[in-house]
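Encoded as structure tokens, the structure appears first; notes follow it.
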Amino acid sequence: MVHYASASWLSLALAAFASPALARGVGPRDPVPAGYHAAPYYPTPHGGWLDSWRDAYTKAEALVAQMTLAEKTNITSGVGIYMGKDPSCVVPCVGNTGSADRLGFPQLCLQDSALGVSSADNVTAFPAGITTGATWDKALMYARGVAMGKEFRGKGANVHLGPSVGPLGRKPLGGRNWEGFGSDPVLQAKAAAQHIKGIQEQGIIATIKHYIGNEQEMYRMYNPFQPGYSANIDDRTLHELYLWPFAEAVHAGVGAVMTAYNAVNGSACSQHSSLINGILKDELGFQGMVMSDWLSHISGVDSALAGLDMNMPGDTNIPLFGFSLWQYELTRSVLNGSVPLDRLNDMATRVVATWYKMRQDKDHPRPNFSSNTRDRDGLLYPAAVFSPVGQVNWFVNVQDDHNLVARQVAQDAITLLKNNGSFLPLSDSSKLTVFGTDAQVNPSGPNACLNRACNTGTLGMGWGSGVADYPYFDDPISAIRRRVPDVKFHNSDNFPKLSDTPSPDDVAIVFISSDAGENSLTVENNHGDRDSDKLAAWHGGDKLVQKAAEQYNNVVVVVHTVGPLILESWIDLPSVKAVLFAHLPGQEAGDSLTNVLFGDVSPSGHLPYSITKAATDYPDSIANLKGFALGQVQDTYSEGLYIDYRSLHKQAIKPRFAFGHGLSYTTFSFSNATIRAVTPLTLLPPPRAPKGPTPSFPTTIPAASEAYFPEGFNTIWRYLYPWLRRNEADDAHAIGVAGDKKYAYPDGYSTVQRGTGPAAGGGEGGHPALWDVAFEVRLAVTNTGDRHHHAGKASVQAYLQYPRGVPYDTPVVQLRDFEKTRALGPGESETVTLRLTRKDVSVWDVELQNWVVPGVEGGRYTVWIGEASDRLFMACYTDSGECEGGLESPV
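Quick note on numbering: the sequence shown equals residues 228 to 1118 in the working numbering.
Listed below in structure tokens is the structure:
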């Protein structure tokens, strides 16, 4: 999503480009490399055929059946950026749908972000997704979702625009990787599922985004001069990597999916019939609503036919001129026969069913805040030229005790990468000197920069639409001074001239950072992606560490970062005793860090990505961002399945710190492992069940009068309405009933619903058998530290190695499950259970278009168990049912 500070950036010179005539259809596209296809898939499968959504669809069918044409188009689109007014309250959210007030269906409030309620006061600024992924703790992922869901509900939002699993994290320089949970599909998938469960149990619609291939920020958006880049992804890679967390989200019952700005294989995601109709709604059985990302809607009829259900925020690519490709245009398109009424009925029903599914018809609060001002009173229609003023903020505090969840996530994510000689933890009597501006909150205030679009002070989150306002900021220097009052602090990123020579026991704590965000804003010449600073610390942070290491015998480096950095210029310096990655901690940056620094708790975070020794350790397609090109920028995923640790393993390149790496103040042993087969496997899943019945509505073109403006209705310029002038409605209706429309349907278009559907489908997320547990591994985890050691939490990671000789190229190992223990005292043990599903042991066969278990005929799958992708020392074998420890890692 893209946010703007105000409308001032739009000059009247752009008015010439604001017409809907700029909309792009599905006509000729820029050529993509051979072998990458965007095959047509029509029509959109009806929603409602799964039992899990039956009650919601029954209610939705009854309500939609009473709606007029204009009411249906109204609820499937936003009413314009910076617009929104409900009869009972103001609805100034980042996205506001139209309503069907006559029938009691309200405007829906759609609100960012993936780490808290954005653009609102009295909320919690939770740690970012990448920080949450670094906990490797499913219980914390769920708890964060629960707390966040309560805050969205307390603020009166209907739709939470998160979590984000796209970008997956393919490119280390990608600007929005930090909003997701890590550079692995399983880590992303399991974290997203827990988050969705927590959010939706509070009655809030979660939105999985951005579907799909949005792996860099620059050149992602269509504009009047250039199409968004094309992410060219082959079918197997799509299924086994980038689609994997979306499938898990659908399986978890997610209510909404947001399409990406970019194209995939040459077709824009917002009108990609293969991705939306074919894969998402048919193969994955998605029953909810599909929305566009903000201002990414580039066609009216084509996007409707391709399966888009909601246009956000309603405007064309260039907003604030009162033009829309839907609303009144969608009404016109149904009247003239360009969009079958059957498609609009399904769109409206999906929106209403999702509302019912989350029980929002039962005492759901209405919005009590404004995204546009923190004042009590403000413009009711901020984008309007003339707007009435009224109360827009009620200052409802929804924080409760969610700071405790936020602090726990921030603390348990802190990843100890190096601890030479067990230098950490520090004692309260340590003589400390702190260096770096990242140690202290922005002197102008934590929210001083619009959408956090600066890297000033402690970095708690990236920038863009994925942020929230800090209610307060517990910064590291304040927390350190609470523990050790006599601390010297040099609030500069340049190493100072020291007045005294440090003693051998003095400790320097150096804070460095690396930021990134959304391409709508540029920070220190980084255009969302880290295209300027790349994998170096910002503000000369690497040099600051080197200078400190020249003067001090003991240096501790604390890193707040959106992703991996190259640490080679200082990581092996003998004075650098310890390195902590604190990721993006949100409001609780202080005590969460000092609890680890001073040994109140043992660090238990693990890296959600690999840290290489050089950017060139990855192939060019991963390591580098795509630059400018005439026409459509082509981003071809030539590396296939081999990203992050998969790529390093294939090339036999040892990283500096591996995916999953993380040290503790104690030690753990894994023992007494057992493996058992749970569900008998076949080469293919069994034949899928047929689809159940779906809602049925009349399909004849409705009367033109259903589109007329109400008598005496006064409009507000820039507000988007579903009605047409009487003569326009009559003209469109005449074309429709005469069957004389001029519109050419896209190639492969059909109005006939397909039969059973893809063999790989049949349930939410795909064939129900894919989620059957195939193998279960149990083992004992023991804290082997002596009585002087700490209690600690162990991260148990399970990676799958496919049988030798299978007719598919597979990575050496791939993460398949993980669990985190409770805090175990010295000598304490806990039994951990890891599960691998049928899908976990399958590969996607592009010819069969199904998930295949290649080792079903007696092949030996090896389940490797360990503490990181390069620390796998225990193996369990599926053919013999035996496990053994003390092994050398397979990589």
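Think of the CB as a built atom: it goes at the ideal place given N, C-alpha and C, for glycine as much as any other residue.
For residue i versus residue j, is the C-beta spacing smaller than 8 Å?
{"i": "E1003", "j": "Q514", "result": "no"}
{"i": "A341", "j": "G693", "result": "yes"}
{"i": "D999", "j": "R1043", "result": "no"}
{"i": "A850", "j": "A856", "result": "no"}
{"i": "P835", "j": "G360", "result": "yes"}
{"i": "A775", "j": "T685", "result": "no"}
{"i": "G430", "j": "V623", "result": "no"}
{"i": "W405", "j": "I357", "result": "yes"}
{"i": "T642", "j": "F808", "result": "yes"}
{"i": "L771", "j": "D720", "result": "yes"}
{"i": "A352", "j": "P698", "result": "yes"}
{"i": "A1007", "j": "T1048", "result": "no"}
{"i": "L811", "j": "V786", "result": "no"}
{"i": "G482", "j": "Q415", "result": "no"}
{"i": "D844", "j": "I880", "result": "yes"}
{"i": "F868", "j": "T434", "result": "Before going on, a small fix: residue 868 reads as Leu here, not Phe. Contact flag unset, no."}
{"i": "F662", "j": "V737", "result": "yes"}
{"i": "E442", "j": "A418", "result": "no"}
{"i": "A347", "j": "D701", "result": "no"}
May I have the straight-line CA-CA distance separating residue i from residue j, to the nearest angstrom?
{"i": "V1068", "j": "I793", "result": "34 Å"}
{"i": "N780", "j": "H766", "result": "23 Å"}
{"i": "D655", "j": "N822", "result": "11 Å"}
{"i": "N752", "j": "A680", "result": "11 Å"}
{"i": "D962", "j": "I870", "result": "Just to set this straight, residue 962 is Ile in the shown sequence, not Asp. The alpha-carbon atoms of I962 and I870 are separated by roughly 52 Å."}
{"i": "E556", "j": "G975", "result": "24 Å"}
{"i": "L800", "j": "L644", "result": "14 Å"}
{"i": "P1040", "j": "Y1029", "result": "Reading off the sequence shown, one finds Val at residue 1040, where the question assumed Pro. When rounded, the distance between both Cα atoms is 8 Å."}
{"i": "W471", "j": "Y438", "result": "11 Å"}
{"i": "D278", "j": "K286", "result": "14 Å"}
{"i": "D967", "j": "V517", "result": "30 Å"}
{"i": "W797", "j": "L762", "result": "14 Å"}
{"i": "G564", "j": "V636", "result": "53 Å"}
{"i": "S874", "j": "G887", "result": "15 Å"}
{"i": "V253", "j": "D529", "result": "Residue placement at V253 cannot be trusted, given a pLDDT of 45 that sits under 50; what the coordinates show is reported in the next sentence. Distance between the alpha carbons of V253 and D529 is about 7 Å."}
{"i": "E1111", "j": "L1099", "result": "12 Å"}
{"i": "T600", "j": "W521", "result": "20 Å"}
{"i": "E1109", "j": "E1094", "result": "20 Å"}
Considering residue i, what are the terminal residues of the alpha helix (DSSP H) in which it resides?
{"i": "A1025", "result": "Unbroken run through A1025 is the beta strand (DSSP E), 1022-1028; no alpha helix (DSSP H)."}
{"i": "A474", "result": "471-478"}
{"i": "M375", "result": "365-381"}
{"i": "M574", "result": "568-584"}
{"i": "A418", "result": "412-427"}
{"i": "Y224", "result": "In the structure as shown, the chain begins at 228 and stops at 1118. Residue 224 is therefore absent and cannot be evaluated."}
{"i": "N753", "result": "No alpha helix (DSSP H) contains N753, which DSSP labels as neither H nor E."}
{"i": "N822", "result": "816-824"}
{"i": "L762", "result": "Element bounds for L762: n/a, residue is neither H nor E."}
Below 8 Å on the Cβ atoms is my contact criterion, and I expect residue i with residue j to pass it. Report the Cβ-Cβ distance as a whole number of Å.
{"i": "P272", "j": "R981", "result": "7 Å"}
{"i": "N669", "j": "A675", "result": "5 Å"}
{"i": "G275", "j": "T581", "result": "That pair is no contact at about 11 Å."}
{"i": "L562", "j": "A327", "result": "No, L562 and A327 are not in contact; Cβ-Cβ is about 18 Å, not under 8 Å."}
{"i": "G402", "j": "E444", "result": "4 Å"}
{"i": "N572", "j": "Y269", "result": "At roughly 16 Å, the Cβ-Cβ gap does not stay under 8 Å, so N572 and Y269 are not in contact."}
With DSSP as the reference, identify every bridge partner of residue i, one or two as the case may be.
{"i": "R1005", "result": "T901, T1060"}
{"i": "N647", "result": "N647 pairs with nothing; no bridge assigned."}
{"i": "F332", "result": "A327"}
{"i": "L890", "result": "L643"}
{"i": "G617", "result": "G605"}
{"i": "H466", "result": "H466 pairs with nothing; no bridge assigned."}
{"i": "H717", "result": "F662"}
{"i": "N746", "result": "Answer is none; N746 lacks a bridge partner."}
{"i": "M1101", "result": "I1092"}
{"i": "A885", "result": "Its beta-bridge partners do not exist; DSSP assigns none."}
Terminal residues of the continuous beta strand (DSSP E) containing residue i?
{"i": "N781", "result": "781-788"}
{"i": "K436", "result": "432-438"}
{"i": "L807", "result": "803-808"}
{"i": "N459", "result": "457-459"}
{"i": "I736", "result": "734-741"}
Between residue i and chain B, is the shortest Cβ-Cβ distance under 8 Å, so that the two count as touching?
{"i": "W276", "result": "Note that chain B does not occur in the displayed structure, where there is just one protein chain."}
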